[in-house]
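A.B. asks: Sharing a structure here in structure tokens format.
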Amino acid sequence: MENKSGKFIVLEGIDGCGKSTHARLLTKWLASKGFSVLHTKEPSRGPIGLLLRQYLKLNAPPRVDALLFTADRAEHLEREIKPALNNGMVVVCERYVYSTIAYQAAQGLNLNWLKKLNSFVLKPDLVLFLDIRPDIAVKRTTTNEKFEELSFLKKVNANFKKLAKNEQFLTINAGRGKKVVQEEIRKKVLDWLTKESL
Ligand code: TYD
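Right, dumping it as structure tokens:
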């Protein structure tokens with residue numbers, strides 16, 4: 002990453018917190034400010050991400066989930082994220098290594114093993130954590146996917162809160178209306194970008 006000149010922004014949070022909506026709105030807004038932006042996500046739209054979505058429908062062992070999410074990340078970084086950053090783009094990515102730590106630790110995997118497995122990743126410049134009460138989030142989900150169960154999402158959100166504290170994420174209260182949440186995200190990103198360019 003010697004030539005990295007872009008900015009790498011990650012949005013994290015449990016299913017139903019509004020990551021996709023806010024990543025889309027943030028991308029549009031940054032583009033309107035003249036930034037060249039790549040909006041992407043994990044699981045990615047690459048070959049391993051596609052395999053992963055099929056695999057999640059089966060009740061696979063958590064360790065296999067962790068390895069697939071991490072393999073997808075390794076591929077996604079090389080194929081999409083690093084080239085965009087090297088071209089000076091702002092990358093807005095929904096989910097990243099912190100999802101593997103928060104979700105797969107909630108599945109019972111060892112935290113240190115998960116961190117070590119992911120030690121190759123490029124550190125984001127900014128992580129926004131969309132914090133929401135799991136009971137509210139679960140009502141917003143529509144798909145009934147493997148991880149969208151209240152007791153599980155409570156564990157995941159608690160893991161995200163610990164990460165947010167230890168890794169200095171910017172935490173956003175995502176239980177409010179879409180407009181006010183997006184305004185706060187824009188303000189926080191703008192403050193951060195201004196500080197970065199001083
Ligand atoms: P999700 O963001 O819901 O993708 P999509 O909207 O495309 O279906 O991700 C799918 C599920 O995978 C979600 O419940 C979170 C989970 N997940 C992990 O458990 N670990 C990870 O590392 C990632 C990236 C996602």
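Numbered according to the numbering used here, the sequence shown spans residues 2 to 199. Beta carbons: idealized from backbone N, C-alpha and C, even for Gly. Predicted model, so just to flag it, every value in this text is computed and none were measured.
#1: Which ranges does the beta strand (DSSP E) cover as unbroken runs of at least 3 residues, wholly within the stretch 138 to 192, from first to last along the chain?
#2: So, GLY176 versus ARG134, is the Cβ gap smaller than 7 angstroms?
#3: ARG54: buried (16+ other C-beta within 10 angstroms of its C-beta) or exposed?
#4: Name the DSSP bridge partner or partners of ILE1?
#5: From PHE121 to LEU68, what distance separates their C-alpha atoms?
#6: For ARG187, which residues in the same chain have their Cβ closer than 8 angstroms to its Cβ, ignoring the five residues on either side in sequence?
#7: In whole angstroms, what is the alpha-carbon distance linking THR143 and ASP16?
#8: DSSP state of ASP132, grouped into three classes?
#9: Give me the Cα-Cα distance between MET2 and GLY109, rounded to the nearest whole angstrom.
#10: Drop a sphere of 10 angstroms on the beta-carbon of ASN174, count the other beta-carbons inside from all chains shown, and report buried for 16 or more, exposed for fewer.
#11: Among VAL182, ILE102 and LEU123, whose alpha-carbon lies nearest the alpha-carbon of LEU164?
#12: I need the residues with a C-beta less than 5 angstroms from some heavy atom of the ligand TYD; please give them in chain order.
#13: What would DSSP say about LYS203, mapped onto helix, strand or coil?
#14: Give the secondary structure of SER120 by DSSP, where H, G and I count as helix, E and B as strand, and everything else as coil.
#15: On the CB-based measure, 16 or more other CB atoms within 10 Å of its CB, does GLY50 come out buried or exposed?
#16: Quick one: residues in its chain with C-beta nearer than 6 angstroms to the C-beta of TYR99, no 5 flanking neighbours on either side, listed in chain order?
#17: If contacts are defined as beta-carbon pairs under 8 angstroms, then LEU127 and GLY19 qualify, I think. What distance do you get, rounded to the angstrom?
#18: Tell me whether ALA61 sits in a helix, a strand or coil according to DSSP, three-state version.
#19: Using only alpha-carbon positions, find the residue among LYS117, ALA107 and LYS162 that is nearest to LYS147.
#20: Please classify VAL182 as buried or exposed, where buried requires at least 16 other C-beta atoms within 10 Å of its C-beta.
C.D. replies: The relevant details are as follows:
#1: For the stretch 138 to 192, whole beta strand (DSSP E) runs of length 3 or above, ordered along the chain, are 171 to 174.
#2: Contact: yes.
#3: Taking all protein chains in view, the Cβ of ARG54 is surrounded by fewer than 16 other Cβ atoms within 10 Å, so the residue is classified as exposed.
#4: Nothing about residue 1 can be read from this structure; the chain reaches only from 2 to 199.
#5: So the alpha carbons of these two residues sit roughly 13 angstroms apart.
#6: Setting aside the 5 residues that flank it on each side, ARG187 is surrounded in the same chain by LEU27 and TRP30, each with a C-beta closer than 8 angstroms to its C-beta; the list follows chain order.
#7: Distance from the CA of THR143 to the CA of ASP16, rounded to the nearest whole angstrom, comes to 10 angstroms.
#8: When secondary structure is reduced to three states using DSSP, ASP132 falls in the strand class.
#9: No answer about MET2 holds up, because its pLDDT of 47 lies below 50 and its placement is not dependable.
#10: By the beta-carbon neighbour count (other beta carbons within 10 angstroms, threshold 16), ASN174 is exposed.
#11: Across the set VAL182, ILE102 and LEU123, the C-alpha of ILE102 shows the shortest separation from the C-alpha of LEU164.
#12: One residue after another in chain order, those with a Cβ under 5 angstroms from a heavy atom of the ligand TYD are ASP16, GLU43, PHE70, ARG96, SER100, THR101, TYR104 and PHE148.
#13: The chain is shown only over 2 to 199; residue 203 falls outside these bounds and no answer can be derived.
#14: Looking at SER120 - three-state DSSP - the assignment turns out to be coil, as it is neither helix nor strand.
#15: Classification of GLY50: buried, given that the 10 Å Cβ count is 16 or more.
#16: The residues are GLU13 and LEU164.
#17: Contact doesn't hold; Cβ gap of about 17 angstroms is too wide.
#18: Taken through DSSP and simplified to helix, strand or coil, ALA61 comes out as coil.
#19: If we check each option's Cα against that of LYS147, ALA107 comes out closest.
#20: The Cβ neighbour count for VAL182, taken over all protein chains shown within 10 Å, is at least 16; the residue is labelled buried.
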